[in-house]
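K.L.:
Respectively, the protein sequence lines represent chains H and L. Be aware that the first sequence starts at 1252, since it is given in the working numbering, and climbs by one per residue. Be aware that the second sequence starts at 1252, since it is given in the working numbering, and climbs by one per residue. C-beta atoms are modelled at their ideal positions from N, C-alpha and C, and glycine is treated no differently. These figures come from a predicted structure and were not determined experimentally.
Number of protein chains: 2
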Amino acid sequence: MNELTKRQRQILVYIQECQRTSGVAPSMREIAEHFGFSSMTTVMDHVRLLRQKGVLENQPGRARTLRVVSPLEKFRSKVADIPLYGAIPAGLPEDQQQEAKGCVSIDIETLGFKPTARTFALEVRGDSMIGKFIVNGDVVILEHGMTPRNGDVVAALIDNESTLKTFLLNRGKPFLRAENPRYPDLIPAQELVIQGVMVGLVRKRK
Amino acid sequence: MNELTKRQRQILVYIQECQRTSGVAPSMREIAEHFGFSSMTTVMDHVRLLRQKGVLENQPGRARTLRVVSPLEKFRSKVADIPLYGAIPAGLPEDQQQEAKGCVSIDIETLGFKPTARTFALEVRGDSMIGKFIVNGDVVILEHGMTPRNGDVVAALIDNESTLKTFLLNRGKPFLRAENPRYPDLIPAQELVIQGVMVGLVRKRK
DNA sequence: GGGGTTACCGTTCAGGTGAACGGTATGAAC
DNA sequence: GTTCATACCGTTCACCTGAACGGTAACCCC
Chain H
1252 MNELTKRQRQ ILVYIQECQR TSGVAPSMRE IAEHFGFSSM TTVMDHVRLL RQKGVLENQP
1312 GRARTLRVVS PLEKFRSKVA DIPLYGAIPA GLPEDQQQEA KGCVSIDIET LGFKPTARTF
1372 ALEVRGDSMI GKFIVNGDVV ILEHGMTPRN GDVVAALIDN ESTLKTFLLN RGKPFLRAEN
1432 PRYPDLIPAQ ELVIQGVMVG LVRKRK
Chain L
1252 MNELTKRQRQ ILVYIQECQR TSGVAPSMRE IAEHFGFSSM TTVMDHVRLL RQKGVLENQP
1312 GRARTLRVVS PLEKFRSKVA DIPLYGAIPA GLPEDQQQEA KGCVSIDIET LGFKPTARTF
1372 ALEVRGDSMI GKFIVNGDVV ILEHGMTPRN GDVVAALIDN ESTLKTFLLN RGKPFLRAEN
1432 PRYPDLIPAQ ELVIQGVMVG LVRKRK
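1) Listed from N- to C-terminal order along the chain, which residues in the segment 1439–1454 of chain L have their beta-carbon within a distance smaller than 9 angstroms of any beta-carbon of chain H?
2) I'd like to know whether the C-beta atoms of residue 1358/L and residue 1330/L end up nearer to each other than 8 angstroms.
3) With a cut-off of 8 angstroms, does the C-beta of residue 1366/H fall near any C-beta of chain L?
4) Is residue 1394/L buried or exposed, if buried means 16 or more other CB atoms sit within 10 Å of its CB?
5) For residue 1398/H, decide whether its Cβ has a neighbour in chain L, counting only Cβ atoms nearer than 8 angstroms.
6) Closest by CA to residue 1427/H, which one among 1400/H, 1356/H, 1364/H?
7) Is the Cβ-Cβ distance between residue 1354/H and residue 1327/L less than 8 angstroms?
8) Taking Cβ-Cβ distances shorter than 8 angstroms, what residues in chain H pair up with residue 1307/L?
9) For a contact meaning CB atoms closer than 8 angstroms, what does residue 1379/L contact in chain H?
10) Please report the distance separating the alpha-carbon of residue 1260/L from that of residue 1388/L.
11) How many angstroms separate the CA atom of residue 1279/L from the CA atom of residue 1269/H?
12) Could you list which residues in chain L have their beta carbon closer than 7 angstroms to that of residue 1329/H, in chain order?
13) Where do the ends of the alpha helix (DSSP H) carrying residue 1301/L lie?
14) When the Cα atoms are used, what is the spatial distance from residue 1321/H to residue 1429/L?
15) Are residue 1379/H and residue 1415/H touching if we call contact CB-CB under 8 angstroms?
16) What residue does the beta strand (DSSP E) around residue 1310/H start on, and which one ends it?
17) Thinking residue 1275/H and residue 1302/H are a contact (beta carbons under 8 angstroms), I'd like their distance in whole angstroms, please.
18) For a contact meaning CB atoms closer than 9 angstroms, what does residue 1296/H contact in chain L?
19) Starting from residue 1330/L, trace the beta strand (DSSP E) in both directions and tell me its first and last residue.
20) Hey, is residue 1375/L's beta-carbon within less than 8 angstroms of any beta-carbon in chain H?
21) Just tell me which of 1323/L, 1376/L, 1356/L has its CA closest to the CA of residue 1337/L.
22) With H, G and I counted as helix, E and B as strand and the rest as coil, what does DSSP make of residue 1356/H?
23) In angstroms with no decimal places, state the Cα-to-Cα distance between residue 1333/L and residue 1352/L.
24) If you draw a straight line from the alpha carbon of residue 1370/L to that of residue 1390/L, how long is it in whole angstroms?
25) Since residue 1454/H is in the alpha helix (DSSP H), which residue starts that stretch and which ends it?
26) In this structure, what does DSSP give as the bridge partners for residue 1370/L?
27) Would you call residue 1310/H buried or exposed, if buried means 16 or more other Cβ atoms sit within 10 Å of its Cβ?
28) With distances taken from CA atoms, which of 1286/H, 1295/H, 1313/H, 1299/H is nearest residue 1273/L?
29) Strictly below 9 angstroms CB to CB, what residues from chain H border residue 1409/L?
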C-alpha cells in the first residue's frame, strides 16, 4: 500500500522536474494541464495520496509549496557553490567569480567547512603533491586568507601560476615544500604569495 | 549603481533564506509582512530594482517564482544526494537508504558521473589504500553492480566488513590487492562479493 | 534649487490558486 | 458480488497573489 502507483510516480517525477528546471513547484492547475486532466480534484486526489505516503509535502493554503521528500532528507545539509578557477593570476580572488570556469557544488557537512566568499577550487595539474596523496586531475578546495598550520597544503603563486606546496614551520620560519622527490624545493614562504589553504578535495573516476 | 543597497541586500537574503528553510520562495505579501511594510508597492519596487540589477529573477504573473540569481548560476549543474553508509553488511544496498547514516550531496559535473539508485558512499578506515592515494577519513563514492576495469578500486566484503581493494586482471583472472606493502594480499575475486566500484572521492581537512 | 534615486504608503482589480462539494468508471481483493 | 482503492470529471468559492494606479519623504549630486 505504501508503494507508489505508476501514475503517482509520474506526478512525483513531474513535480521534481519542475523544481529542477524552473526552480519553482508547479501549481495544481499546471499539473492538471501537463497530464491533460480537466479536473482539479484529480490532482488533489493524487497529491493527497502522495502526501499520505510521505513522499510529498506542502504547506496548506499557500501557492506552489509542493515539495518532494527524499528518504535522505533528514541527512541532507546545505549545499554550497564554490567557484572553480582555471588559473589564478596575481590578482587573487578579490574581483570575485568573474573569470570562474566552473562551479563545485557540495554540501557543507561532507566538506566539513562552511565556505565563505573567499573559498575557491582549483584543478590539480601534475603530480607534485603525490606525497600528500593528491594526484593529477583532483579538484582541491581552498580558502583564501586563512592562516596555514604546519603541514597544511597551500596554493602559492610561482611564475605567475598557482602551485600546490606543503606549508612547514622550520624553527619558527615558514617554508614551502613540494611533495615529490623530483622537486625537493624548500622556499622561504615570505618570497611567495599564498593564495589559499586547502580545506577539501574531490576526485572523479579517471 | 549596480551595487546593492542595504535594504536590497536584506530582502535578497530573506528570499534566499526562505528558499533554503522552507524550499519555497516567499510571496510579495510575505516579504512585506516580514519587513513590516504596509504596502505591496514597496516590495514591488525593491523586486523591480533587484531584477534590474540582475540578481533576482521571476516569472511574471505566477505565484512564488522569485529566484535569486547567483554569479555561478551558469556553471551550476544538478546536485545528487548519495547515501553514506556506516558499514555494509551482507545484504548489499538493495534495501535502500534505510540504514544510511549520512548524505553526500555533490553536483554531477564535479563527480563526472550521474549517480543511480545503486550509488553509495563509504568512509575509509585505515590506510590500506595509500598506494592509490586514498587515506584514512576519505569518503569514497561507489557504484554497485558496475563491472570493474583493471586497476579500479572496489569495495569487497571481507569478514562481514567492507574493505577497499584494487581490482586486477592477471592473465584474464580477476584478483583483489590491498594497496599497502604491509598487506600484500592477492585474493581471487570469485571468493568475494564485490559491493561497488569507486567512482569518486571526497576529502575534508583534518 | 532641481533632478534623480531610493524607500516607503494606500488602494484597487483581475486572475491565479487551494480546497471542497458530489459524481462515475475500472480493476483487484475477498 | 460486494468492497475497496485508484483514477478520473465538473463546478463553485474564498482568498491569495501579482500588477498597477497615484502619492510622500529623504538623500545625494551637480
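P.N.:
Here's the rundown:
1) Taken in chain order, the members of the segment 1439–1454 of chain L whose beta-carbon sits within less than 9 angstroms of a beta-carbon on chain H are 1448, 1449, 1450, 1451, 1452, 1453, 1454.
2) yes
3) Cβ-Cβ to chain L under 8 angstroms: no for residue 1366/H.
4) buried
5) no
6) 1400/H
7) yes
8) Simply none; closest approach about 12 angstroms.
9) Chain H residues near residue 1379/L: none, gap ~13 angstroms exceeds 8 angstroms.
10) 39 angstroms
11) Between the C-alpha atoms of residue 1279/L and residue 1269/H there is a straight-line separation of about 21 angstroms.
12) Going along chain L in sequence order, the residues near residue 1329/H (Cβ under 7 angstroms) are 1271.
13) 1291–1303
14) Rounded to the nearest whole angstrom, the C-alpha separation of residue 1321/H and residue 1429/L is 36 angstroms.
15) yes
16) That residue, residue 1310/H, is in no beta strand (DSSP E); it is neither H nor E in DSSP.
17) Wrong, their Cβ atoms sit about 19 angstroms apart, outside the cutoff.
18) The premise fails here: residue 1296/H is roughly 22 angstroms from chain L at the closest Cβ pair, so nothing lies under 9 angstroms.
19) 1330–1336
20) no
21) 1376/L
22) strand
23) 11 angstroms
24) 13 angstroms
25) No alpha helix (DSSP H) contains residue 1454/H, which is instead part of the beta strand (DSSP E) from 1444–1455.
26) Within the DSSP bridge table, the entry for residue 1370/L names 1394/L as partners.
27) exposed
28) 1313/H
29) Neighbours of residue 1409/L on chain H: none; closest Cβ ~23 angstroms, over 9 angstroms.
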